[in-house]
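Taking our numbering, I'd label the letters of the sequence shown as residues 1170 to 1370. Read the structure below first, then the notes.
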Amino acid sequence: MNLKPFILILLFSFISGFIFAQNDSLTTQLFQKSDTLQISKKKIKLSPIYNPLAPSKAAFYSAIFPGMGQIYNKKYWKAPIVWGALALPVYYYQINNNDYKRYRNAYRLRKNGLVDEFTVGGIELVSMQTLETAQKQLRENRDMSLLTGVILYILQIVEASVNAHLMQFNTDDNLTIKPQLIFDPIRIETPSIGLTFKYNF
């Protein structure tokens, strides 16, 4: 098995990650004074790092109106997804409920010897067995649509709360992975490849 392409791809990915992870110290030194001057001219209101009420507020807003917790978290693109996801079960619930009522009324009328909507000119287009089976299936579909809507409603509340928690995590440079190539001075002719992870707290 030829390992040269695999080694080259792995080596290239580490080098590119190392290059893009570097900070240009010269530019930071040049622009450090101008940044401090701009900051000193403006009054900056520092927001607290951790807001313990943010997850509960997001969950509360989502419980009152679906999608409002996502808007509170400033994830505006998630609100239409929530609305669409909740609109589908409502739509199918109404369709299945209307059809269930039609078949139930036809079954009751036929059982009492009256004419129903599935009887045309004295000919029964749908049998009694089919009416019973259709009622059972439509009731199951209606209940499944209702259950799906309730689950999606709860999930969007949980998603808003979890997202508010995750937005407050500390993501500074000490938590990033910086790949490095370390050459073995003893084995220069036959280079070996290794992987080292460094993390700081």
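From the three backbone atoms N, C-alpha and C, an ideal C-beta is built for every residue, glycine too.
For Ile1326, the secondary structure class from DSSP, reduced to helix, strand or coil, is helix.
Taking a cut-off of 8 Å on C-beta distances, the region 1313-1333 touches the region 1252-1261, as three or more cross pairs fall below it. Around the CB of Leu1283, fewer than 16 other CB atoms lie within 10 Å, so the residue is classed as exposed. Ile1264 has no beta-bridge partner at all, per DSSP.
Going by DSSP, Gly1238 is part of the alpha helix (DSSP H) stretching over 1237-1241.
Under the three-state reduction of DSSP, Val1289 is assigned to strand.
The residues Ala1248, in chain order, have a CB closer than 6 Å to that of Ile1240 in the same chain once the five nearest residues on each side in sequence are set aside. Judged by DSSP secondary structure, Tyr1230 falls within the alpha helix (DSSP H) whose first and last residues are 1223-1233.
Counting C-beta pairs closer than 8 Å gives fewer than three between the region 1309-1319 and the region 1222-1231, which falls short of the contact rule. No Cβ-Cβ contact shorter than 7 Å links Ala1228 with Ser1296.
Cα atoms of Ala1232 and Asn1266: separation of roughly 25 Å, rounded to the nearest angstrom.
Taken through DSSP and simplified to helix, strand or coil, Asn1220 comes out as coil. Relative to Leu1278, the option among Glu1301, Val1259, Tyr1260, Ile1264 whose CA is nearest is Glu1301. Closest by C-alpha distance to Tyr1276, out of Lys1305, Ile1326, Lys1244, Tyr1260, is Lys1305.
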